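J.:
And the structure:
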C-alpha cells in the first residue's frame, strides 16, 4: 500500500509548481523588466509581488489597458510601489 505515500508528495509538488503566472507570462514580465535595465533577481522579485496581488487574468487586463491607453493604471502603480519597497534594486 505504498501508493498513497507516493501520491501525496506528487500532489504537493504539482500544487507548488502551478502557483503564479504561466511560464510564458513570467518570461515576458522578467524579460521586459530586464530590458529596462533591472537585474534578473530584482525582476523575479517584482514578478512575485505582482503574482501575490493580481491574478493572471487581472494582470493581463492591466497590461492591455496600459498598452491601449498609454497610461499606467493606478493598481499597477500601487503594485510597482510595493515592489520597490520589497525588492530594492
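Numbering (our numbering), first residue to last: 76 to 164. By construction, the Cβ of each residue, glycine as well, lies at the ideal position given by its N, Cα and C atoms. Keep in mind the model is a prediction, meaning the values are calculated, not measured.
#1: How many angstroms separate the CA atom of residue 134 from the CA atom of residue 119?
#2: Please classify residue 121: is it buried, with 16 or more other beta-carbons within 10 angstroms of its beta-carbon, or exposed?
#3: So, residue 137 versus residue 148, is the Cβ gap smaller than 8 Å?
#4: In chain order, what residues of the same chain lie with their CB nearer than 7 Å to the CB of residue 140, ignoring the 5 residues before and after it?
#5: Measure from the alpha carbon of residue 99 to the alpha carbon of each residue in 113, 116, 152, 131, then state which is nearest.
#6: Beta-carbon within less than 6 Å of residue 128's beta-carbon, same chain only, minus the 5 sequence neighbours each way: which residues are those?
T.: Concretely, from the data shown:
#1: 15 Å
#2: buried
#3: yes
#4: 148
#5: 131
#6: 154
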